[in-house]
Amino acid sequence: MIHRRTLLTATVSALMLSAAPVTLWAETPADTLIQAWTIDDIISLDPAEIFEFTASEIAGNTYETLIGYDPKNVADIFGKVAESWEISEDGKTISFKVKEGRSFASGNPITAEDVVFSLTRAVKLDKSPAFILTQFGFTPETVDDLIVQTGDYSFDFKMDKPYAPTLVLYCLTATVAMVVDKKLVMEHEVNGDFGYEWLKVNYAGSGPFTIREWRANEVVVMERNENYAGDKPAMARAIYRHIPETATQRLLLQQGDIDIARNLAAEDIAALKQDPNVTLEAGVKGSIYYMGLNQKNEFLSKPQVRQAMKYLVDYQTIADTIMAGKVEVHQAFLPKGFLGAVNDTPFSLNVEKAKELLAEAGVPEGFTVTMDTRNTPEITAMGQAIQQTMAMAGIKLELIPGDGGQTLTKYRARNHDIYIGRWGPDYQDPHTNADTFARNPDNSDDAASKPLAWRNAWDIPEMTAKADAAVLEADADKRAQMYVELQKESMETSPFVIMFQEIEVLGERNNVKGFVMGPSFNDNSFAKVTK
Amino acid sequence: MTGTTHLRGRRGALWLGKFARLVLTVAVTFFGLLLVTFLIGRIVPVDPVLAVVGDRAPKSVYDRVYIELGLDKPLWEQFWMYLQKVFTGDFGISFLSKRPIVDDIARVFPATLELATVGIIIGTVVGVPAGIWAAVRQGKWPDQLVRVLGLVGYSAPIFWLGLLGLLVFYAKLHWVAGPGRIDIAYEYAFTPKTGLILWDTAMQGQWGAFANAFSHIILPASLLGYFSMAYISRMTRSFMLAELAQEYVTTARVKGVPEWRIVWVHALRNAAVPLVTVIALSYAGLLEGSVLTETVFAWPGLGQYLTNSLQNADMNAVLGGTLVIGAIFVGLNLLSDLLYNVLDPRVRRRA
Numbered sequence: 132m133i134h135r136r137t138l139l140t141a142t143v144s145a146l147m148l149s150a151a152p153v154t155l156w157a158e159t160p161a162d163t164l165i166q167a168w169t170i171d172d173i174i175s176l177d178p179a180e181i182f183e184f185t186a187s188e189i190a191g192n193t194y195e196t197l198i199g200y201d202p203k204n205v206a207d208i209f210g211k212v213a214e215s216w217e218i219s220e221d222g223k224t225i226s227f228k229v230k231e232g233r234s235f236a237s238g239n240p241i242t243a244e245d246v247v248f249s250l251t252r253a254v255k256l257d258k259s260p261a262f263i264l265t266q267f268g269f270t271p272e273t274v275d276d277l278i279v280q281t282g283d284y285s286f287d288f289k290m291d292k293p294y295a296p297t298l299v300l301y302c303l304t305a306t307v308a309m310v311v312d313k314k315l316v317m318e319h320e321v322n323g324d325f326g327y328e329w330l331k332v333n334y335a336g337s338g339p340f341t342i343r344e345w346r347a348n349e350v351v352v353m354e355r356n357e358n359y360a361g362d363k364p365a366m367a368r369a370i371y372r373h374i375p376e377t378a379t380q381r382l383l384l385q386q387g388d389i390d391i392a393r394n395l396a397a398e399d400i401a402a403l404k405q406d407p408n409v410t411l412e413a414g415v416k417g418s419i420y421y422m423g424l425n426q427k428n429e430f431l432s433k434p435q436v437r438q439a440m441k442y443l444v445d446y447q448t449i450a451d452t453i454m455a456g457k458v459e460v461h462q463a464f465l466p467k468g469f470l471g472a473v474n475d476t477p478f479s480l481n482v483e484k485a486k487e488l489l490a491e492a493g494v495p496e497g498f499t500v501t502m503d504t505r506n507t508p509e510i511t512a513m514g515q516a517i518q519q520t521m522a523m524a525g526i527k528l529e530l531i532p533g534d535g536g537q538t539l540t541k542y543r544a545r546n547h548d549i550y551i552g553r554w555g556p557d558y559q560d561p562h563t564n565a566d567t568f569a570r571n572p573d574n575s576d577d578a579a580s581k582p583l584a585w586r587n588a589w590d591i592p593e594m595t596a597k598a599d600a601a602v603l604e605a606d607a608d609k610r611a612q613m614y615v616e617l618q619k620e621s622m623e624t625s626p627f628v629i630m631f632q633e634i635e636v637l638g639e640r641n642n643v644k645g646f647v648m649g650p651s652f653n654d655n656s657f658a659k660v661t662k
Numbered sequence: 021m022t023g024t025t026h027l028r029g030r031r032g033a034l035w036l037g038k039f040a041r042l043v044l045t046v047a048v049t050f051f052g053l054l055l056v057t058f059l060i061g062r063i064v065p066v067d068p069v070l071a072v073v074g075d076r077a078p079k080s081v082y083d084r085v086y087i088e089l090g091l092d093k094p095l096w097e098q099f100w101m102y103l104q105k106v107f108t109g110d111f112g113i114s115f116l117s118k119r120p121i122v123d124d125i126a127r128v129f130p131a132t133l134e135l136a137t138v139g140i141i142i143g144t145v146v147g148v149p150a151g152i153w154a155a156v157r158q159g160k161w162p163d164q165l166v167r168v169l170g171l172v173g174y175s176a177p178i179f180w181l182g183l184l185g186l187l188v189f190y191a192k193l194h195w196v197a198g199p200g201r202i203d204i205a206y207e208y209a210f211t212p213k214t215g216l217i218l219w220d221t222a223m224q225g226q227w228g229a230f231a232n233a234f235s236h237i238i239l240p241a242s243l244l245g246y247f248s249m250a251y252i253s254r255m256t257r258s259f260m261l262a263e264l265a266q267e268y269v270t271t272a273r274v275k276g277v278p279e280w281r282i283v284w285v286h287a288l289r290n291a292a293v294p295l296v297t298v299i300a301l302s303y304a305g306l307l308e309g310s311v312l313t314e315t316v317f318a319w320p321g322l323g324q325y326l327t328n329s330l331q332n333a334d335m336n337a338v339l340g341g342t343l344v345i346g347a348i349f350v351g352l353n354l355l356s357d358l359l360y361n362v363l364d365p366r367v368r369r370r371a
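Chains A and B, in that order, give the protein sequences.
Taken in order, the first sequence gives residues 132 to 662; the numbers are from the numbering used here.
Taken in order, the second sequence gives residues 21 to 371; the numbers are from the numbering used here.
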């Protein structure tokens, strides 16, 4: 009898529905920090391979580097795993001493052997971030002779040139140089892979937290490291939940089902400002938003046109309205906070000036170009705002929307006219951005290295030489001055319309205290969070 | 004696022929499915190497991965290599998660399966009676009501309905739990075995965790149920109208059979035959994984997995996912054919 069965099922589900609410309304547990974040960019948990925002932050809270810096004042460099270091006369060797009496989460002691293993392993595995180390002249074949253990707690780091000490030390603060537990990792080695297959989904570090579990596109669970040498975190557990939709993150935060929402769109930020239970926190990040003008385009290759473009962006309005405080105006290729960063903002919307420049360039009536625009709400809105201001000077800007993979593929093949994008530094030294914005050793189509200058076909042998010289300048003040000059020159002549520096905004419940936001994602720390 | 044996042999040959045809159809379907998906994946202007090495990798790393992925070989050779592997049950490794596709799908599919199953139960339990009600009261207000509800279900964007549902039932009324499958507090209260949380918690007697999981699933499942309800109720209505206009219904009425019996027993039994196909296809549709629902409700299912893979040109994952969806469609189609046989004696006799 179909109808009776149907009735029965309906009644059961109705009963279940009415019973369900009883079990709801658990606040987040007092010893657990729950954050909502889009974590679908994680591809590996192995420090030798980590290069994405979320994985960097996880590594920053679970592993330790040899060297660290104060996230509030990056000039303050100090040893973490390292006790001290000494630079040789010729400036090519750094001798490190490792702190004694500390151990990994596994209980194994941290020795120079682990540090040497970690650095040589990263070079030998040769994953995406390995260049941060190999730029000092290491190759998988030679590295064993160049990074050498000299005692239980000491080792030498031998480079091919006398690089600026700050450059080397900042590179050693990157995730690729994090110290892994040799004994534990090698227990899981398969076919000479240095434990890579195992470590990409497991954990072997010494940071304040340990990684218990990562389920792709779902959750990352971290637990307090009871063997941590520093102050033990107040939280027993820290969890990232993958919540792709920003409005959903906002709802969860307002309901108290999560403690911190990490991805908030402009409208979410506006709404949360009214919520008495939620605090918004902002921290300046190193990422830069810019437009790249391809020099293969007949119009964009004219110097006056490049300059005119810089007067056709309404910087302040975009920062205040479209981005709602998630960026601030910044026009130099080095982000604020870096050694030698230039914080002047000489350009603002000036249509008359732009028209003059266009007339000088021989295109008084303007022209038509395309811009590849990633289809995120923010980049799209920025693109549309720029489209309007460009039109005031007669430049017809056609937006070509695409997802991240599409636009990037086209950009890397130099098939764009204009690309609007975001660039984050790889480490805290100015060379990281100078290397890509102001260096182009080979502008041919099959060049070995393809920095942003190459992607925009900007051939700059002189500037490249200057950037190379800055790498070898040992005197920090002189070095800073060299970068100031490079940035000033770039501002006037480059095909980069640098517009903004990113500000990370997160929403947290009022009871959450102590989240530290640093300039890069591996500096974001929740080790001291209480609630 | 000889006659029956002969007959049995002929019938056996008939079945064998039918079976061979079926296998062939399924094989051709899968081949076509794979070929088209493979080509689409290669036409999409996204560089799959980028998903693996990121934007910053030096040329040496890029080139190594390019060759590792077999992208240096001609297109047909890549496809041929893939087919050979599939035949041995190896669907390859996901470029993104670096795990076997089979493991990935085994992890994400139960979430979708659970959601779709609860959804189709709701859709059927509500949709079929609603359609019958509309048919019986044709042209009157119940009919109009069902039609309007169905129309809204058809045309409102699910993304918007989902957010609205969260706002009302989760944020304001506090009737249901928020996005996600289960609260962190219950996350480790049970041992995941099948990946179906409702099933696992019930089998292990963890009723607190069960209730929590239920309060998480009920809103997205109701939403999906509402969508399938829109279709199921419309189809039920028209099948029932067709049945109620039949002569046997008139005969039954003349004989004085009670009206509820005519509707719920005689007419519904006949209308149920095509209805099974409708429900099976709706179910298959839900099993594909509703990308938007999964996104709004942070549901780690097949839809999200496939979209993410496609956007990163992770072709092994896309092909594997497509195969699973294809298998579901073919499987449910066969199943509804089988049910046809069971429910409709005429089909059985023809066979």
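Virtual Cβ for every residue (Gly too), placed ideally from N, Cα, C.
Cβ-based neighbour list, residue i, same chain, cut-off 8 Å, excluding 5 preceding and 5 following
i, result
"A:T224", "I218, D287, F288, K289 and M290"
"A:L465", "G471, A472, V473, P561, N564, A565, Y614 and Q618"
"A:I453", "A397, E509, A512, M513 and A516"
Residues near residue i in its chain [Cβ-Cβ closer than 6 Å; skip 5 each side]
i, result
"B:F317", "P199 and P240"
"A:T154", "Only weak support is given to the placement of A:T154: the predicted model assigns it a pLDDT of 40, under 50, and the value that follows is read from those uncertain coordinates. Here the set comprises nothing."
C-alpha distance - residue i paired with residue j, whole-angstrom precision
i, j, result
"B:S14", "B:V311", "There is no way to answer for residue 14 of chain B, as the model of chain B reaches only from 21 to 371."
"A:D362", "A:F646", "15 Å"
"B:F99", "B:L91", "11 Å"
"A:K427", "A:K433", "10 Å"
"B:K213", "B:I204", "18 Å"
"A:K662", "A:N641", "9 Å"
"A:T504", "A:A512", "10 Å"
"A:A141", "B:V145", "No answer about A:A141 holds up, because its pLDDT of 45 lies below 50 and its placement is not dependable."
"A:S249", "B:A300", "55 Å"
"A:W156", "B:A191", "Annotation note: pLDDT 46 at A:W156 (below 50); position unreliable, coordinate value reported separately. Approximately 11 Å, taken between the alpha carbons."
"A:Y284", "A:I449", "52 Å"
"A:T242", "A:E231", "7 Å"
"A:P152", "B:I87", "Reliability of the predicted coordinates at A:P152 is poor, the pLDDT of 41 falling under 50, and the value obtained from them is presented with this limitation in mind. The alpha-carbon atoms of A:P152 and B:I87 are separated by roughly 54 Å."
"B:L169", "A:P556", "53 Å"
"A:S234", "A:K228", "16 Å"
"A:L382", "A:Q166", "13 Å"
Spatially closest choice to residue i from the options, by CA coordinates
i, options, result
"B:E314", "A:A463, A:H373 and A:L382", "A:H373"
"A:A107", "A:N358, A:A179, A:V473 and A:M353", "Chain A is shown only over 132 to 662; residue 107 of chain A falls outside these bounds and no answer can be derived."
"A:I278", "A:S226, A:E214 and A:I263", "A:S226"
"B:R167", "B:L218, B:S253 and B:A337", "B:S253"
"B:I121", "B:G147, B:A347, B:L193 and B:M335", "B:M335"
8 Å Cβ cut-off: residues of chain A touching residue i
i, result
"B:Y190", "L382 and Q386"
Sequence-distant residues of the same chain with beta carbon closer than 7 Å to residue i, five excluded per side
i, result
"B:L358", "none"
"A:D406", "Q385"
Neighbouring residues, chain A, relative to residue i (Cβ below 7 Å)
i, result
"B:G245", "Under the 7 Å cutoff, chain A gives no residues; its nearest Cβ is about 10 Å from B:G245."
"B:V316", "E376 and T379"
Contacts that residue i makes with chain B (C-beta to C-beta distance below 9 Å)
i, result
"A:S580", "P78 and K79"
"A:K541", "P65"
"A:I165", "I204"
"A:G536", "V64, P65, V66, D67, P68, L70, A71, Q331, N332 and A333"
Contacts that residue i makes with chain B (C-beta to C-beta distance below 8 Å)
i, result
"A:I370", "I204"
Residue i: CB within 7 Å of a non-hydrogen atom of the ligand GTP
i, result
"B:A77", "Within the structure as shown, the ligand GTP is missing, as the structure has no ligands at all."
Interface partners of residue i on chain B, CB under 7 Å
i, result
"A:P271", "Here the premise fails: no neighbours, minimum Cβ distance about 10 Å."
"A:S259", "V73, G74, R76, A77 and V81"
Contacting positions in the stretch 327-338 of chain B - beta carbon closer than 7 Å to chain A: N328, Q331, N332 and A333
Relative to chain A, which residues along the stretch 230-263 of chain B have a C-beta separation below 8 Å, given in chain order? A231, N232, F234, S235 and I238
Against chain A: residues of the stretch 90-117 of chain B by CB proximity under 7 Å: L116 and S117
Residues, ordered as in the chain, of the stretch 324-350 of chain A that lie near chain B by beta-carbon distance below 9 Å: E328, K331, V332, R346, A347, N348, E349 and V350
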